[in-house]
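**Student:** I have a structure I would like to understand better, so I am pasting it below and will then ask my questions one at a time.
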Amino acid sequence: MISLVAPAYNEAKNLVAFVEAVTVVLDGIGEPWEIVFVDDGSKDDTLGMLLAARANDPRIKVVSLARNFGKDVALTAGLHHARGRAVIPIDCDLQHPPELIAQMVARWRAGADMVIGVRSKRTEEGFFRRTASSWYYGLMRRMTNVAIPPNAGDFRLLDRKIVEVINEMPERTRFMKGIFAWPGFKTESIEFQANVRAGGKTTWSPFKLWRFALDGLFSFSTVPLKIWTYIGGAAALGAFVYLMITLIQKLFFGIDAEGYASLLIVMLGFNGLLLLSNGIQGEYIARIFDEVKGRPLFVVGKKWGFDEPSVHVGSAAQSAEASRDVAS
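Residue numbers (my numbering): 31 to 358.
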């Protein structure tokens, strides 16, 4: 079976065209299939349209989260519900070309464990955003032990064994690009040109993109925490050298230390660095705080097309961290 996992938040304008497009492709693959839609607390008629689509085709399954948990958590919920031997996360806005699914499945049948869809061009984005993205992923490659391909998103095929590994990863900060890359296995990529969004508008604001970038960095690297050891050591060494120069000038040449303005600037600069280092420590501590609370990643309000009463988050040893269905 091939499973498509499609998180949906206010995607009512896109769903009819999306279902029609992917159904045609899936029917031509020659394998049983299912589409697992995850309604992430949509405010429009997304859920109603998903249920209408399921009424026409029972291979469409619907998970409705109790509130908006965010795309990465919704995608995680979909991975926990998908039952296919191969699972393909895909967006509902048709920017991910459905016709690429057949090529991904062909690569998987040929032996690939993961087939990543990589954007060949990002002409719809401005120069600043493209440059910032390139620098960011270059930084990630140097600061983490996880190889995250640039211009790759969630659109990819995952073999069942990779899905099982990901479902055993219980961290609350779901930086899915890193989580997808972490298990390893044989990986191939296919380039594609992203389509224009079929309808609606993106919910990714500059602030959300900034937070997304920080989540990725702090979730997969401890370098921002460790680097302050070297910054502090360099600052202490510089202060010691300056102290020795000042003492030598005073003792041997009778030159008094001057420059209250420069001293104030140095103090303010180092205080700023201290606050910055405290802020970085706070980012890590906040993530520890989220982890130790042990709350479920998501809460399922209702679902259609599934038999099991609940879906567990994490391994059997973490079964207390199960997602709870508040309605059957």
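No residue lacks a Cβ here, since even glycine has one placed at the ideal position from N, Cα and C.
This one's a predicted model, so the numbers in the text were calculated from it and none came from an experiment.
Is it right to say TYR260 is buried, meaning 16 or more other beta carbons lie within 10 angstroms of its own, or is it exposed?
**Tutor:** Flag for TYR260 reads exposed.
**Student:** Just to confirm, are LEU255 and TYR314 a CB contact at a threshold of 7 angstroms?
**Tutor:** Their beta carbons are under 7 angstroms apart, which means LEU255 touches TYR314 by this criterion.
**Student:** Assuming LEU187 contacts ILE90 (C-beta within less than 8 angstroms), just tell me the rounded distance between them.
**Tutor:** Not a contact, Cβ separation roughly 19 angstroms.
**Student:** Report, in whole angstroms, the separation of the C-beta atoms of ALA182 and VAL148, which I expect to be a contact under 8 angstroms.
**Tutor:** ALA182 to VAL148, Cβ: 5 angstroms. Contact.
**Student:** Considering Cα atoms alone, identify which of GLY246, ILE220, PHE185 and LEU80 is closest to GLU201.
**Tutor:** With distances taken between Cα atoms, GLU201 lies closest to GLY246.
**Student:** Based on Cα-Cα distance, which residue from PHE328, ARG113 and HIS111 lies nearest to ARG204?
**Tutor:** Out of PHE328, ARG113 and HIS111, PHE328 has the C-alpha closest to the C-alpha of ARG204.
**Student:** Give, in chain order, every unbroken run of the beta strand (DSSP E) that is at least 3 residues long and sits entirely within the segment 160-203.
**Tutor:** As far as the segment 160-203 is concerned, its whole beta strand (DSSP E) runs of at least 3 residues are 182-189.
**Student:** Using the C-alpha atoms, what's the distance from LEU306 back to TYR272?
**Tutor:** Looking at the two C-alpha atoms, the distance is approximately 24 angstroms.
**Student:** Mind the definition here: the segment 42-55 touches the segment 124-132 only if three or more C-beta pairs lie below 8 angstroms; say whether that holds.
**Tutor:** Counting Cβ pairs under 8 angstroms, three or more are found: they touch.
**Student:** If I'm right that LEU124 touches ASN44 with Cβ under 8 angstroms, what's the distance once you round it to whole angstroms?
**Tutor:** Correct: roughly 6 angstroms between the Cβ atoms.
**Student:** Here's the rule: buried if 16 or more other CB atoms are within 10 angstroms of the residue's CB, otherwise exposed. What is GLU321?
**Tutor:** Looking at its Cβ environment, which holds fewer than 16 other Cβ atoms inside 10 Å, GLU321 is exposed.
**Student:** Where does THR217 fall in DSSP's three states?
**Tutor:** Residue state, collapsed to three classes: strand.
**Student:** If you draw a straight line from the alpha carbon of VAL46 to that of SER33, how long is it in whole angstroms?
**Tutor:** Computed Cα separation, rounded: 19 angstroms.
**Student:** Measure the C-alpha to C-alpha separation of THR144 and LEU105 and round it to an integer number of angstroms.
**Tutor:** Note that residue 144 is Met in the sequence shown here, rather than Thr. So the alpha carbons of these two residues sit roughly 17 angstroms apart.
**Student:** With ASP57 as the anchor, note down where its alpha helix (DSSP H) starts and where it stops.
**Tutor:** It spans 42-57 - the alpha helix (DSSP H) in which ASP57 sits, taken as one unbroken run.
**Student:** Go through the segment 52-119 residue by residue and report every complete run of the beta strand (DSSP E) that reaches 3 residues or more, in order.
**Tutor:** List check, beta strand (DSSP E) in window: 63-69, 90-95 and 116-119.
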